[in-house]
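Peer 1: For reference, the structure I am asking about is given below.
Residue numbers (the working numbering): 187 to 388.
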């Protein structure tokens with residue numbers, strides 16, 4: 187397998203973390219999205235017509251895109267995607283929440299502060315994103331204040347997906363110390379056998 191990725195990306199990190207936890211070897215091909223390296227004609231024509239990472243190139247030539255869709259594919263038949271229909275649906279709920287409510291606020295703030303620089307009209311946009319991030323984290327905290335994991339009694343791709351940008355949220359000037367349930371959950375994930383940090387290459 188070949189993972190086309192940008193190392194600081196939380197969306198790419200989701201895939202790297204799951205592959206590592208599963209013990210599946212893969213090659214990493216890096217692109218610098220800040221320099222438009224995923225917008226080249228070659229990348230768009232061969233890797234992802236949407237011009238984004240991550241993209242996972244399988245041995246049979248298929249290329250998967252969209253981070254949470256890749257997680258679902260890789261987790262099929264493993265403990266990270268429950269067989270129980272209701273629990274699978276709960277996992278999906280969290281994955282949709284991550285892409286609709288969580289990533290557009292927390293990941294965007296981190297990107298502005300730590301990677302890409304502040305956008306035009308930051309004085310208006312940043313408070314809006316901060317309010318959205320607070321709402322998303324409060325929703326997670328409600329669950330994690332009295333549960334170890336987001337779904338059922340074990341780690342799933344719901345946790346992996348939401349961990350990716352949550353654990354680096356402070357790079358976007360978001361204070362996580364006010365969310366003790368989230369802090370304990372992050373500690374549980376980082377203590378897993380086979381855990382890798384976001385900056386580690388395979």
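Just so you know, even glycine gets a beta-carbon here, dropped at the ideal spot from N, CA and C.
This structure is a prediction, so every number in the text was calculated from the model and none was measured.
DSSP three-state label for residue 204, please.
Peer 2: Correct three-state label for residue 204: helix.
Peer 1: I'd like to confirm the pairing. Which residues does DSSP put opposite residue 215 in its beta bridges?
Peer 2: Per DSSP, 190.
Peer 1: Note down the Cα distance separating residue 275 from residue 294, rounded to an integer number of angstroms.
Peer 2: Using only the alpha carbons, I get a separation of about 27 Å.
Peer 1: Name the residue from 352, 332, 260 whose alpha carbon lies nearest to the alpha carbon of residue 195.
Peer 2: When each option's Cα is compared against that of residue 195, the closest is 352.
Peer 1: For the segment 266 to 302, which segments carrying the alpha helix (DSSP H) assignment without a break, of at least 4 residues, lie completely within its bounds, in sequence order?
Peer 2: You should have 271 to 283.
Peer 1: Looking only at DSSP bridge pairs, what is residue 250 linked to?
Peer 2: Answer by DSSP bridge pairing, in chain order: 242.
Peer 1: Assign residue 262 to one of three DSSP states: helix, strand, or coil.
Peer 2: Note: residue 262 maps to coil in three-state DSSP.
Peer 1: If I measure Cβ to Cβ from residue 361 and keep anything under 8 Å in the same chain, skipping five residues before and after, which residues do I get?
Peer 2: There are no such residues.
Peer 1: Tell me the rounded alpha-carbon separation between residue 246 and residue 366.
Peer 2: When rounded, the distance between both Cα atoms is 44 Å.
Peer 1: Where does residue 321 land, buried or exposed, given buried means 16+ other C-beta within 10 angstroms?
Peer 2: Exposed: under 16 other Cβ atoms inside 10 Å.
Peer 1: May I have the straight-line CA-CA distance separating residue 355 from residue 342, to the nearest angstrom?
Peer 2: Using only the alpha carbons, I get a separation of about 20 Å.
Peer 1: Going by the beta-carbon positions, is the gap between residue 199 and residue 346 smaller than 7 Å?
Peer 2: Cβ atoms of residue 199 and residue 346: not closer than 7 Å.
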